[in-house]
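Single-structure report; data block below.
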Amino acid sequence: MASRKTSQPKRESGDKYSVLLPTYNERENLPLIVWLLVKYFGESGYNYEIVVIDDGSPDGTQEVAQQLQKIYGEDKILLRPRAKKLGLGTAYIHGIKHATGNFVIIMDADLSHHPKFIPEFIEKQKEGDYDLVSGTRYQGNGGVYGWDLRRKLISRGANFVTQVLLRPGASDLTGSFRLYKKAVLESLVERCVSKGYVFQMEMIVRARQLNYTIGEVPISFVDRVYGESKLGGNEIVSFVKGLITLFATT
Amino acid sequence: MTKLLEWLLGVSLVLSAWAVVSFDLLELSLPQTYREVAWPMPLYLLVTFGCYSLATVGYRVATFNDCDEASAELQGQIQEAKQDLRKKGLKI
Chain V
148 MASRKTSQPK RESGDKYSVL LPTYNERENL PLIVWLLVKY FGESGYNYEI VVIDDGSPDG
208 TQEVAQQLQK IYGEDKILLR PRAKKLGLGT AYIHGIKHAT GNFVIIMDAD LSHHPKFIPE
268 FIEKQKEGDY DLVSGTRYQG NGGVYGWDLR RKLISRGANF VTQVLLRPGA SDLTGSFRLY
328 KKAVLESLVE RCVSKGYVFQ MEMIVRARQL NYTIGEVPIS FVDRVYGESK LGGNEIVSFV
388 KGLITLFATT
Chain P
617 MTKLLEWLLG VSLVLSAWAV VSFDLLELSL PQTYREVAWP MPLYLLVTFG CYSLATVGYR
677 VATFNDCDEA SAELQGQIQE AKQDLRKKGL KI
């Protein structure tokens with residue numbers, strides 16, 4: 148074995164990574180995120196595919212996705228649109244059905260999650276054979292860009308309360324930049340019923356409940372470059388409701 | 617066991633230990649000083665935990681990284697991506 152070149156072990160491993168990109172009105176961002184994904188997967192040499200799940204965006208996201216498919220190939224870009232906006236949980240179920248990889252990466256398509264971290268996720272996963280690897284804004288070099296003091300305070304406060312009440316064994320519960328073993332994601336998505344921020348939190352809380360192992364990688368979160376990012380009273384109320392539900396049921 | 621039950625169990629254990637000492641429920645004839653120390657304990661614990669929480673959240677807000685380089689890097693790459701995609705024939 149010593150004679151085997153060590154520079155290309157990644158392609159020999161047989162692992163394939165399916166990136167699920169649920170989109171709704173991401174015409175501006177989709178080409179950029181795809182370009183970045185192709186760049187970093189190309190440089191690191193891992194086998195991959197990108198599954199674009201567009202929920203009938205009226206802004207023409209689907210047409211842009213078709214152009215990208217022509218540029219990068221039908222083996223790399225898979226289009227699995229749905230007729231209308233149906234929520235994140237079902238988007239993942241829909242995406243998993245069509246994903247051919249044995250690992251699934253979920254991330255936002257709005258450029259707040261940078262694909263440069265994906266090779267780190269993959270290395271982390273291999274390091275401990277983790278069932279899921281979660282990006283974290285709250286540890287190491289992780290952080291955020293574009294948040295004011297109020298937003299930071301709410302985020303840190305909510306995270307602290309959640310850590311105290313649920314002791315979930317992961318530092319970033321509401322983040323949505325994660326790598327899962329495909330079977331693990333399937334079993335988790337089936338069990339999770341929450342919406343919005345709470346959905347991601349429920350995923351990781353249930354993962355802990357089912358004794359899945361969790362690895363963490365610090366990430367920088369750059370808040371939406373194009374489009375609006377919101378954190379209003381409604382989000383906070385539904386977060387608190389979700390937290391109480393999880394507290395009483397898990 | 618749900619987290620709610622874990623909490624209820626923990627809190628009731630602490631409270632019953634506290635009640636036993638403060639009100640001498642089991643007639644252990646503990647010295648009077650024990651009872652005097654135990655009596656305000658729950659309030660002390662609550663205040664201590666509150667201070668700890670405020671200090672922790674405050675420290676974490678103050679040390680929350682602002683990823684200015686990450687944003688600058690992304691902006692540069694967006695320009696690069698747009699040029700490259702135009703070259704490859706993408707029309708928006």
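Chains as they are written, first to last, in my numbering: chain V, 148 to 397; chain P, 617 to 708.
We put the CB at the ideal spot given by N, CA and C, even for glycine.
What are the start and end residues of the alpha helix (DSSP H) that includes residue i?
| i | result |
| --- | --- |
| P:D682 | Element bounds for P:D682: n/a, residue is neither H nor E. |
| V:Y193 | Here V:Y193 belongs to no alpha helix (DSSP H), and DSSP marks it neither H nor E. |
| P:S632 | K619 to F639 |
| V:K231 | Segment: none, V:K231 is in no alpha helix (DSSP H) and carries neither H nor E. |
| V:I301 | L296 to L313 |
| V:T396 | G380 to T396 |
| V:T360 | That residue, V:T360, is in no alpha helix (DSSP H); it is neither H nor E in DSSP. |
| V:T283 | Careful: V:T283 lies outside any alpha helix (DSSP H), inside the beta strand (DSSP E) at L279 to T283. |
Answer with buried or exposed for residue i, where buried requires no fewer than 16 other C-beta atoms within 10 angstroms of its C-beta.
| i | result |
| --- | --- |
| V:P169 | buried |
| V:S259 | buried |
| V:N176 | buried |
| P:M617 | exposed |
| V:D319 | buried |
| V:E97 | Here chain V covers residues 148 to 397 and nothing more, so residue 97 of chain V does not appear. |
| P:W655 | exposed |
| V:V199 | buried |
| V:Q272 | buried |
| P:Y660 | exposed |
Using a Cβ cut-off of 8 Å, pull out every chain P residue sitting near residue i, in sequence order please.
| i | result |
| --- | --- |
| V:V291 | F680, N681, D682 and C683 |
In whole angstroms, give me the CA-to-CA distance for residue i and residue j.
| i | j | result |
| --- | --- | --- |
| V:Y327 | V:D201 | 21 Å |
| V:P365 | P:R651 | 49 Å |
| V:T321 | P:D682 | 19 Å |
| V:R338 | V:I383 | 23 Å |
| V:M348 | P:L642 | 45 Å |
| P:A671 | V:N381 | 27 Å |
| P:E622 | V:L235 | 31 Å |
| V:G304 | P:L644 | 43 Å |
| P:Q695 | P:V673 | 37 Å |
| V:L378 | V:F307 | 18 Å |
| P:V627 | P:S669 | 18 Å |
| P:A688 | V:E221 | 32 Å |
| V:K342 | V:I253 | 16 Å |
| V:V336 | P:W634 | 43 Å |
| V:I224 | V:T360 | 30 Å |
| V:A330 | V:K186 | 27 Å |
| V:Y171 | V:T208 | 7 Å |
| V:V166 | P:V653 | 59 Å |
| V:R229 | P:K704 | 27 Å |
| V:Q286 | P:Q648 | 48 Å |
| P:A686 | V:S367 | 7 Å |
| V:G192 | V:I265 | 12 Å |
| P:M657 | P:F639 | 13 Å |
| V:R298 | V:E363 | 23 Å |
| V:N288 | V:G282 | 11 Å |
| V:L357 | P:L701 | 43 Å |
| V:I180 | V:R355 | 30 Å |
Which residues of chain P have a Cβ atom closer than 7 Å to the Cβ of residue i, listed in chain order?
| i | result |
| --- | --- |
| V:S367 | C683 and A686 |
| V:G304 | V673 |
| V:T396 | T618 |
| V:Q213 | Correct list: empty, because the minimum Cβ distance to chain P is about 11 Å. |
Name the two residues that bound the continuous beta strand (DSSP E) containing residue i.
| i | result |
| --- | --- |
| V:K328 | R325 to K328 |
| V:F368 | S367 to V369 |
| P:G666 | No beta strand (DSSP E) contains P:G666, which is instead part of the alpha helix (DSSP H) from M657 to A678. |
| V:P205 | First-last for V:P205: undefined, no H or E at that position. |
| V:K273 | Here V:K273 belongs to no beta strand (DSSP E); instead the alpha helix (DSSP H) covers I265 to G275. |
If contacts are defined as beta-carbon pairs under 8 Å, then residue i and residue j qualify, I think. What distance do you get, rounded to the angstrom?
| i | j | result |
| --- | --- | --- |
| P:L706 | V:P178 | 6 Å |
| V:E173 | V:I243 | That pair is no contact at about 20 Å. |
| V:V345 | V:L313 | Actually they are not in contact, since the Cβ atoms of V:V345 and V:L313 sit about 12 Å apart, beyond 8 Å. |
| V:L300 | P:V677 | 5 Å |
| V:I197 | V:L184 | 6 Å |
Residues of chain V with a CB under 7 Å from the CB of residue i: which are they?
| i | result |
| --- | --- |
| P:S669 | F307 |
| P:R676 | R303 |
| P:Q693 | L183 |
| P:L701 | P178 and W182 |
Whose Cβ in chain V lies nearer than 8 Å to the Cβ of residue i?
| i | result |
| --- | --- |
| P:K704 | I218 |
| P:L624 | Near P:L624 there are no residues of chain V at all, since even the closest Cβ is about 11 Å away, more than 8 Å. |
List, in order along the chain, the chain P residues whose C-beta lies closer than 9 Å to that of residue i?
| i | result |
| --- | --- |
| V:N172 | What V:N172 touches in chain P: nothing, since even the nearest Cβ is about 14 Å away. |
| V:N288 | N681 and C683 |
| V:P266 | Neighbours of V:P266 on chain P: none; closest Cβ ~16 Å, over 9 Å. |
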